[in-house]
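Engineer: First the structure, then my questions, so here it is.
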Amino acid sequence: MSSIPALTLPTTGGATFDPAALQGQTYVLYFYPKDNTPGCTTEGNDFRLNHDAFAAAGVKVFGVSRDSVKSHEGFKAKQCFPFELISDPEEALCEAMGVMKLKNMYGKQVRGVERSTFVVDGSGAVVKEWRGVKVPGHVEEVLAFVQSLKQ
485 MSSIPALTLP
495 TTGGATFDPA
505 ALQGQTYVLY
515 FYPKDNTPGC
525 TTEGNDFRLN
535 HDAFAAAGVK
545 VFGVSRDSVK
555 SHEGFKAKQC
565 FPFELISDPE
575 EALCEAMGVM
585 KLKNMYGKQV
595 RGVERSTFVV
605 DGSGAVVKEW
615 RGVKVPGHVE
625 EVLAFVQSLK
635 Q
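One rule links them: number in the numbering used here = place in the sequence shown (from 1) + 484.
Structure (structure tokens):
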């Protein structure tokens, strides 16, 4: 498994995502294509609905897309997300995690974020990954995995 690169990125709430500051903390990074789109809203709301269970397992959740912090702030407020969204407009984290893919959209090839989720342990190592995620049931699967880490 890979590890999270040393970089800092802006997040909602005026904070910064810095993997070094998360040493000793297990967290989830879920990458999604775009704020305020149906699948991304559903996925974010599934993480919101399960947020207390993630917190009880000692796990932080972060959403990541290429959208701006301003876009993220609006999306987070509208959906009442209790977790931060990371803005990666330069695709630094997206590229490092290999989530940028060519997709077919309306018959054209476009480069976009492949919906993916990673669980990162306290040492910064990726201990589980899901790629090409289908939203229904996904968050529950991630939650079951992180809960299994505490046993």
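Where a beta carbon is used, it is the ideal one built from N, C-alpha and C, also for glycine.
Remember, it's a predicted structure, so these values are computed and weren't measured experimentally.
Inspect the beta-carbon positions of T510 and V543 and report whether they are closer than 9 Å.
Structural biologist: A contact, by the Cβ cut-off of 9 Å.
Engineer: With DSSP as the reference, please indicate the residues paired to G596 in a beta bridge.
Structural biologist: K585, per the DSSP bridge assignment.
Engineer: Going straight from the alpha carbon of E557 to that of P573, what length do you get?
Structural biologist: So the two alpha carbons sit approximately 15 Å from each other.
Engineer: Our contact map puts K518 next to D551 with C-beta atoms below 8 Å; I'd like the distance itself, whole angstroms only.
Structural biologist: Between D551 and K518 the Cβ distance is about 6 Å, and since that is below 8 Å, they are a contact.
Engineer: Are there 16 or more other CB atoms within 10 angstroms of the CB of D502, so buried, or fewer, so exposed?
Structural biologist: The residue in question, D502, is exposed, as its Cβ has fewer than 16 Cβ neighbours within 10 Å.
Engineer: Could you check which residue in G596, T500, S549, A576 has the C-alpha nearest to that of E527?
Structural biologist: That would be S549, whose Cα lies nearest to the Cα of E527.
Engineer: Between the alpha carbons of P566 and E575, how many angstroms are there, rounded?
Structural biologist: The straight-line gap from Cα to Cα measures roughly 24 Å.
Engineer: Applying the criterion that 16 or more other CB atoms from any shown protein chain within 10 Å of the CB defines a buried residue, is Y590 buried or exposed?
Structural biologist: Y590 is exposed by the Cβ-count criterion.
Engineer: Let me know the secondary structure DSSP gives K634 once reduced to three states.
Structural biologist: Reduced to three states, the DSSP call for K634 is coil.
Engineer: Could you tell me which residues DSSP puts in a beta bridge with R550?
Structural biologist: For R550, which the question treats as bridged, DSSP gives no partner whatsoever.
Engineer: Just the Cα atoms here: how many angstroms apart are F559 and E568?
Structural biologist: Roughly 11 Å between the two C-alpha positions.
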